[in-house]
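Protein chains in written order, with this note's numbering: chain A, 1 to 404; chain B, 405 to 484.
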């Protein structure tokens with residue numbers, strides 16, 4: 001029999017604040033981090049984003065550390081440290097030394113790459129900084145987390161666009177289930193507010209010009225966010241031996257690929273992922289009270305996700321609470337699924353469901369309970385967290401309340 | 405002429421001939437999905453140095469919708 005896996009530590013940094021405490025209090029207050037972009041090239045037409053506006057790297061890292069830390073790695077290390085501390089493991093070299101770290105990213109070190117290209121192509125320089133490769137490579141964040149925190153087990157990155165951290169979390173769970181490790185630090189990070197990347201998102205015509213209103217009648221697209229979130233996963237046996245508080249059991253996972261259109265969500269594919277997560281968690285559909293939606297606020301996603309929930313949950317669908325916290329932390333790409341799983345775990349642990357902010361009335365084909373505007377006190381015994389990435393890559397994670 | 409340019413770009417995108425395109429043709433029937441449509445608009449925006457706002461994107465269903473949008477934008481630009 002495979003080992004049970006539980007969540008014993010949480011860390012996050014994003015537009016809603018630099019700690020999980022800030023994140024949760026702002027989420028449950030229904031406040032959004034989406035704000036006008038002020039520090040971007042004036043040629044960028046995207047005017048809003050959920051940036052970590054007050055973040056100062058030198059408050060966290062010394063001048064000797066920063067040359068190797070792209071912004072996406074900075075976020076990863078900060079949230080990883082918080083998660084390990086929360087799990088009571090920061091100074092436990094024996095456990096941490098054998099742990100895994102799997103870190104998702106959709107973009108990698110774009111800040112480093114783009115600064116380098118600007119020097120080469122625009123300024124006409126013929127040389128680049130010697131640390132460009134180790135600082136900008138997509139696995140840099142995972143390596144920096146390992147180096148800064150002393151994690152010496154299996155360490156690598158996953159990349160599946162907006163589901164990158166969901167796949168990282170699932171990979172960590174599988175390592176614990178199999179007995180390869182007892183503890184895995186998992187999550188994701190991204191820092192996409194760079195000139196080239198913003199221009200690329202602009203060209204795709206899916207970014208809203210004002211704000212993110214998931215499932216709403218006048219929704220106008222997604223809004224980018226940035227940051228990182230990390231979770232400490234641990235075998236139940238290991239957690240019980242340590243006597244550490246458990247937020248929730250990571251009870252099931254479901255993955256699928258649409259093998260179809262590169263950007264259009266597929267109701268069939270995402271239904272399969274949700275169904276597999278329920279089956280893996282041994283959950284009946286009517287045992288689930290809450291779904292943290294992928295909920296990007298695009299016309300296509302929100303209708304497809306709603307239809308898939310009806311398909312999977314049938315008569316129970318109208319009784320479910322389904323909210324999109326992207327309305328508050330923005331779409332932080334490779335960090336999103338981890339941010340959302342932190343919110344889902346805390347919804348179970350605290351018995352409070354975060355709302356969908358900016359909801360302005362249901363759009364056509366959007367007829368579920370989206371928890372509009374205000375957080376709701378409600379016991380949650382089981383919940384799903386959805387991630388449906390560009391490229392048709394779906395990953396759904398099921399959590400259960402932990403029976404202590 | 406805007407219509408000619410629209411037909412040319414669409415034909416090039418779907419590997420057809422401009423003469424085979426008519427204003428009434430639904431984009432979907434031509435095999436043009438949302439990514440195809442933004443790619444076609446991107447080329448036309450470049451050709452005329454204009455900008456098709458995101459807000460009208462969801463209302464582009466047939467070839468004529470693109471022609472009308474472009475004629476308006478090109479006309480507006482000429483009158484400035």
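Ideal placement from N, C-alpha and C gives every residue a C-beta, glycine not left out.
**Study point:** Residue environment, residue 465 of chain B, which counts as buried when at least 16 other CB atoms sit within 10 Å
**Key:** exposed
Point to revise | Per-residue burial, residue 276 of chain A [other beta carbons within 10 Å of its own, 16 or more giving buried] | key: buried
Exercise for review: Report the option in A/273, A/244, A/213 whose CA atom is closest to the CA atom of residue 371 of chain A.
Suggested key: A/213
Practice item. Please name the residue or residues paired with residue 478 of chain B in a DSSP beta bridge. Key: Note: residue 478 of chain B sits in no beta bridge, so no partner.
**Study point:** Length of the line joining the Cα atoms of residue 116 of chain A and residue 70 of chain A
**Key:** 12 Å
Check your understanding: Considering only residues of the region 223–272 of chain A, which uninterrupted alpha helix (DSSP H) runs meet the minimum length of 4 residues and lie entirely inside it, listed in chain order?
Key -> 236–242
Practice item. May I ask which residues mark the beginning and end of the beta strand (DSSP E) holding residue 394 of chain A? Key: 393–400
**Study point:** Boundaries (first-last residue) of the beta strand (DSSP E) holding residue 131 of chain A
**Key:** Unbroken run through residue 131 of chain A: none, as it is neither H nor E.
Exercise for review: Go ahead and label residue 423 of chain B buried or exposed: buried means 16 or more other beta carbons lie within 10 angstroms of its beta carbon, across all protein chains shown.
Suggested key: exposed
Exercise for review: Could you name the residues of the region 249–269 of chain A whose beta carbon sits closer than 8 Å to any beta carbon of chain B, in the order they occur along the chain?
Suggested key: 261, 262, 263, 264
Point to revise | Neighbourhood of residue 481 of chain B by C-beta, 7 Å cutoff - its chain only, sequence neighbours within 5 removed | key: 454
Review point. Applying a beta-carbon distance threshold of less than 9 Å, which residues of chain A neighbour residue 439 of chain B?
Key: 204, 261, 262, 263, 264
**Study point:** CA nearest to the CA of residue 87 of chain A, picked from A/108, A/384, A/20, A/295
**Key:** A/20
Review point. Start and end of the beta strand (DSSP E) containing residue 190 of chain A?
Key: 183–190
Point to revise | Delimiting residues of the beta strand (DSSP E) encompassing residue 321 of chain A | key: 321–323
Review point. What residues from the region 37–70 of chain A come within 9 Å of chain B, judged by C-beta to C-beta, listed N to C?
Key: 45
Exercise for review: Reducing DSSP to helix, strand and coil, say where residue 178 of chain A ends up.
Suggested key: helix
Exercise for review: Identify which residue in A/285, A/269, A/112, A/99 has its Cα closest to the Cα of residue 318 of chain A.
Suggested key: A/285
Review point. So is residue 299 of chain A in contact with chain B if we call contact Cβ pairs under 8 Å?
Key: yes
Practice item. Give a yes or no on whether the minimum CB-CB distance between residue 209 of chain A and chain B is below 8 Å. Key: yes
Point to revise | Inter-stretch contact at 8 Å, needing at least 3 Cβ pairs: the region 81–100 of chain A / the region 177–195 of chain A | key: yes
Check your understanding: DSSP three-state call for residue 318 of chain A: helix, strand or coil?
Key -> helix
**Study point:** chain A residues whose Cβ lies nearer than 9 Å to that of residue 411 of chain B
**Key:** Going along chain A, no residue has its Cβ under 9 Å from residue 411 of chain B, so there is no contact; the nearest lies around 22 Å.
Check your understanding: How would you label residue 302 of chain A, buried or exposed, when you count the other beta carbons within 10 angstroms and need 16 or more for buried?
Key -> buried
Review point. So, is residue 28 of chain A buried or exposed, given that buried needs 16 or more other C-beta atoms within 10 angstroms?
Key: buried
Practice item. Starting from residue 116 of chain A, follow the alpha helix (DSSP H) in both directions and report where the run begins and ends. Key: 110–117
Practice item. Return helix, strand or coil for residue 7 of chain A, following the three-state DSSP convention. Key: strand
Practice item. Report the residue from A/122, A/155, A/162 whose alpha carbon sits nearest the alpha carbon of residue 385 of chain A. Key: A/162
Review point. Closest to residue 447 of chain B by CA distance: which of B/414, B/434, B/476 is it?
Key: B/414
Review point. So what does DSSP say about residue 125 of chain A, is it helix, strand or coil?
Key: coil
Check your understanding: What are the start and end residues of each continuous alpha helix (DSSP H) run of 4 or more residues lying completely inside the region 74–112 of chain A, in chain order?
Key -> 93–96
Point to revise | the region 462–480 of chain B: positions lying closer than 7 Å to chain A by Cβ | key: 462
Review point. Within 8 Å (strictly less), CB to CB, does residue 452 of chain B reach chain D?
Key: In the structure shown, chain D does not exist; the protein chains are A and B.
Review point. Who are the Cβ neighbours of residue 478 of chain B in its own chain at under 7 Å, not counting the five residues just before and after it?
Key: 406, 452, 454
Practice item. Run the proximity test for residue 219 of chain A: is its beta-carbon closer than 7 Å to any non-hydrogen atom belonging to the ligand MN? Key: Among the ligands in the structure shown, none appear at all, so the ligand MN cannot be discussed.
Check your understanding: Below 8 Å between beta carbons: does that hold for residue 33 of chain A and residue 9 of chain A?
Key -> no
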